[in-house]
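Line order of the protein sequences matches chains U and X.
In the numbering used here, each residue's number is its place in the first sequence (first place is 1) plus 7.
In the numbering used here, each residue's number is its place in the second sequence (first place is 1) plus 7.
Worksheet: the structure to be examined is printed underneath.
There are 2 protein chains.
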Amino acid sequence: MAFSRSSSISFFILALFALFINPTISSRVSSFIQLPVSTVESRPSVASYCEGWRLAVETNNAGSWTVVPSKCVSSLETYYNRGQFDKDYNVVANYALSYAKTIQLAGDGKDAWVFDVDETLLSNLEYYAANGYGSVPYNSKKFNDWVLQGTAPGFDASLKLFKGLKKLGFTIILLTGRDEVQRSITTQNLLDAGYSGWEYLLLRDHKDQGKAAAQYKSERRLEMIKKGYKIHGNTGDQWSDLQGFAVADRSFKVPNPMYFIA
Amino acid sequence: MAFSRSSSISFFILALFALFINPTISSRVSSFIQLPVSTVESRPSVASYCEGWRLAVETNNAGSWTVVPSKCVSSLETYYNRGQFDKDYNVVANYALSYAKTIQLAGDGKDAWVFDVDETLLSNLEYYAANGYGSVPYNSKKFNDWVLQGTAPGFDASLKLFKGLKKLGFTIILLTGRDEVQRSITTQNLLDAGYSGWEYLLLRDHKDQGKAAAQYKSERRLEMIKKGYKIHGNTGDQWSDLQGFAVADRSFKVPNPMYFIA
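Structure, rendered in structure tokens:
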């Protein structure tokens with residue numbers, strides 16, 4: 008194909024010139040073409056806000072919140088679909104496993120690691136993706152129907168961590184906010200997702216109804232400690248999985264910007 | 008200026024074709040030109056890892072760490088220079104101020120808010136940018152020389168939060184890991200940066216030497232509580248500013264991916 012090289016170069020120069028002198032064009036194209044820093048005033052402000060919002064949620068700065076801001080839904084979709092979520096979870100899993108390897112186990116079967124279930128071992132992303140990525144109010148009936156399907160997959164990172172900890176000799180305790188009536192489907196779902204060999208699966212029974220998650224989970228951890236377990240590590244997607252009393256020696260917060268549980 | 012429009016269009020089509028069929032070129036240019044999602048397999052893996060690493064640091068999942076991974080220096084540079092750091096801090100400041108507005112103040116002057124100083128009220132970014140963004144080991148002599156210059160600026164977000172809290176009637180307590188011998192330069196630097204009207208500036212004195220930050224800061228908060236202060240909020244860039252005992256009702260972790268203090 009014949010084309011004039013010099014004309015093309017001229018066209019490029021003209022196009023670049025237009026971008027540099029016209030801030031309107033410049034900002035309009037900046038979401039597609041990343042210009043050098045000095046020519047881009049800021050990242051698109053909504054995406055940038057949503058990144059800040061997500062960090063505030065993950066660091067527990069946001070406090071109690073009910074729904075994902077509607078303007079951040081597409082940021083969350085991108086976060087999950089482009090693989091950054093998996094990357095973020097993987098970094099946490101690696102830190103947890105590195106820490107676990109430094110522990111001198113007593114070898115009496117009492118060296119324990121606690122895992123939450125939903126969004127820690129099992130991913131409900133399919134449900135949330137179909138329900139606004141957490142931007143619509145929680146619907147317990149609808150979510151319960153999804154749980155009863157028992158088709159939630161595991162995370163690559165949590166499977167690696169879970170299996171790695173078992174291999175190191177840790178006793179695994181699963182501690183979930185799910186109800187005792189969901190024991191059977193939860194067990195089957197976990198097995199189908201690739202988990203096995205846990206020592207306990209602790210669910211809410213009648214006396215736990217209505218308790219805040221941090222209270223219920225702290226009480227259950229305390230019971231385990233009273234049984235002689237040493238809780239070296241705890242992994243959860245909610246700060247209420249990790250805080251309160253009878254906390255683990257180290258806690259690992261895995262990412263979940265879709266919902267908050269007090 | 009004369010140029011052949013059709014030749015230029017041909018050149019563009021050729022160039023785009025080359026990008027789409029050649030993944031090597033495609034990945035090499037993707038850091039400059041953002042291609043549509045389907046043509047970019049994933050974000051460049053280093054940037055993606057560094058984003059995960061930064062989140063792990065901010066959520067305290069990384070535990071104790073000494074230097075920023077060298078491969079993440081350019082990600083941090085981008086984080087600061089493109090404004091995402093400021094955006095992230097601003098989101099935290101807004102959450103803190105929203106929370107502060109919900110508090111019913113006793114009005115006896117004992118409603119307190121604690122601030123750390125370095126990387127919370129004063130930015131040492133100029134120093135760190137000139138010293139590898141935290142990727143080189145901490146040099147106490149060199150950092151001390153920088154502190155003694157007294158030229159660290161404030162953050163827009165921290166100035167807004169500080170002034171907002173004062174206006175609401177909170178008593179401001181500054182609690183820093185800096186040494187008592189740096190009181191004068193620290194006071195002057197804070198005033199120059201736009202802060203004024205704090206009640207206490209607490210620095211490490213002889214009895215605090217060698218104490219872990221969380222221990223020292225918890226002890227000082229406890230002293231304030233014993234003096235009758237109610238610590239409604241605490242703002243710091245390190246988890247050791249916020250955790251331990253005598254903790255605030257709510258703690259706000261502001262971003263700092265450049266260094267870790269135990």
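Ideal Cβ placement from N, Cα and C applies to all residues, glycine included.
Item checked: DSSP three-state assignment for U:G161, whether helix, strand or coil -> As a position in the first sequence, residue 161 of chain U is number 154, starting the count at 1. Strand.
Check: Under the DSSP definition of a beta bridge, which residues are partnered with X:N241?
Finding: For the purposes of this step, residue 241 of chain X is taken as the residue at position 234 of the second sequence. Bridge partners of X:N241: X:V121 and X:S258.
Check: Which residues in the same chain have their Cβ closer than 6 Å to the Cβ of U:V99, if we skip the five residues on either side of it in sequence?
Finding: Numbered from 1 along the first sequence, position 92 holds the residue referred to as residue 99 of chain U. Closer than 6 Å at Cβ, skipping near neighbours: F259 and V261.
Margin query: Just checking: is the beta-carbon of U:W60 within a distance shorter than 8 Å of some beta-carbon in chain X?
Written below: In the first sequence, residue 60 of chain U corresponds to position 53, counting from 1. Yes, U:W60 lies at the interface with chain X (some Cβ there is under 8 Å from its Cβ).
Note to self: Here's a check: name, in chain order, each residue in its chain whose Cβ is nearer than 8 Å to the Cβ of U:A113, leaving out the five neighbours to either side.
What the structure shows: Counting from one through the first sequence, the residue named residue 113 of chain U turns up at place 106. These residues qualify, in order along the chain: K237.
Check: Considering only the beta carbon of each residue, do X:F169 and X:Y202 sit closer than 8 Å?
Finding: What you label residue 169 of chain X is simply residue 162 of the second sequence in a count that begins at 1. What you label residue 202 of chain X is simply residue 195 of the second sequence in a count that begins at 1. Contact: yes.
Check: Taking the alpha-carbon positions, what's the X:G176 to X:L104 distance?
Finding: Walking along the second sequence from the start, residue 176 of chain X turns up at place 169. Walking along the second sequence from the start, residue 104 of chain X turns up at place 97. Cα to Cα, X:G176 sits roughly 12 Å from X:L104.
Next item on the list: Determine which residues of the region 53 to 78 of chain U have a Cβ less than 8 Å from any Cβ of chain X, and write them out in chain order.
Entry: S55, Y56, E58, G59, W60, L62, A63, E65, T66, N67, N68, A69 and G70
Note to self: Just to confirm my understanding: we take U:G243, look at its own chain, exclude 5 residues before and 5 after, and list those with CB closer than 6 Å. What are they?
What the structure shows: On the first sequence, position 236 is the one that residue 243 of chain U refers to. Hits under 6 Å: D123, T127 and L249.
Checklist line | Same chain only: Cβ atoms within 6 Å of X:R257, ignoring 5 sequence neighbours per side | finding: Taking the second sequence and counting its residues from 1, the one referred to as residue 257 of chain X is at position 250. Result list for X:R257: Y106 and G240, in chain order.
Checklist line | C-alpha gap between U:K218 and U:Y86, whole angstroms | finding: Stepping through the first sequence from its first residue, residue 218 of chain U is reached at position 211. Stepping through the first sequence from its first residue, residue 86 of chain U is reached at position 79. Their Cα atoms are separated by approximately 32 Å.
Checklist line | Cα-Cα separation between U:R190 and U:N101, rounded to whole angstroms | finding: Translated into positions along the first sequence, residue 190 of chain U becomes position 183. Translated into positions along the first sequence, residue 101 of chain U becomes position 94. Approximately 29 Å, taken between the alpha carbons.
Check: What first and last residue would you give for the alpha helix (DSSP H) that runs through X:T109?
Finding: Locating residue 109 of chain X in the second sequence gives position 102, counting from the first residue. From DSSP, X:T109 is part of no alpha helix (DSSP H); its letter is neither H nor E.
Notebook entry, point to check: For X:S77, which of X:A269, X:S142, X:L62 and X:T109 has the nearest alpha-carbon?
Noted result: For the purposes of this step, residue 77 of chain X is taken as residue 70 along the second sequence, with counting starting at 1. It is X:S142 whose Cα lies nearest to the Cα of X:S77.
Checklist line | Inter-residue Cα distance where the pair is X:G59 and U:D199 | finding: As a working mapping, residue 59 of chain X is identified with position 52 in the second sequence. As a working mapping, residue 199 of chain U is identified with position 192 in the first sequence. Taking the straight line from one Cα to the other gives about 28 Å.
Margin query: Below 8 Å on the Cβ atoms is my contact criterion, and I expect X:N196 with X:A159 to pass it. Report the Cβ-Cβ distance as a whole number of Å.
Written below: Here residue 196 of chain X corresponds to residue number 189 of the second sequence, with the count starting at 1. Here residue 159 of chain X corresponds to residue number 152 of the second sequence, with the count starting at 1. With 8 Å as the limit, X:N196 and X:A159 qualify as a contact, their Cβ atoms being about 6 Å apart.
Item checked: Bounding residues of the beta strand (DSSP E) (the contiguous stretch that carries U:G184) -> Position 177 of the first sequence, counted from the first residue, corresponds to residue 184 of chain U. Segment T178 to D186, the beta strand (DSSP E) holding U:G184.
Next item on the list: Would you check if the distance between the CB atom of U:K224 and the CB atom of U:S247 is smaller than 8 Å?
Entry: For the purposes of this step, residue 224 of chain U is identified with residue 217 of the first sequence, where counting begins at 1. For the purposes of this step, residue 247 of chain U is identified with residue 240 of the first sequence, where counting begins at 1. The answer is yes: Cβ separation under 8 Å.
Margin query: Which residues in chain X have a C-beta closer than 8 Å to the C-beta of U:F259? List them in chain order.
Written below: Sequence index remark: in the first sequence, residue 259 of chain U carries index 252 (1-based). Ordered by position in chain X, the residues that pass the 8 Å Cβ test against U:F259 are N68.
Item checked: Alpha-carbon spacing of U:D118 relative to X:K167, whole angstroms -> Taking the first residue of the first sequence as position 1, residue 118 of chain U is located at position 111. Taking the first residue of the second sequence as position 1, residue 167 of chain X is located at position 160. Roughly 47 Å separates the two Cα atoms.
Note to self: Taking 8 Å as the threshold (C-beta atoms), are U:G184 and U:I268 in contact?
What the structure shows: Looking up residue 268 of chain U in the first sequence gives position 261. Looking up residue 184 of chain U in the first sequence gives position 177. Against a cut-off of 8 Å, the Cβ pair of U:G184 and U:I268 comes out as a contact.
Item checked: Proximity of U:L181 and U:W205 at Cβ, strictly below 8 Å -> Indexing the first sequence from 1 puts residue 181 of chain U at position 174. Indexing the first sequence from 1 puts residue 205 of chain U at position 198. Yes, the Cβ-Cβ distance between U:L181 and U:W205 is below 8 Å.
Next item on the list: Compare the C-alpha of X:A137 against each of X:A255, X:V80 and X:K94 and name the closest.
Entry: Residue 137 of chain X sits at position 130 when you count from the first residue of the second sequence. Ranking X:A255, X:V80 and X:K94 by Cα distance to X:A137 puts X:V80 first.
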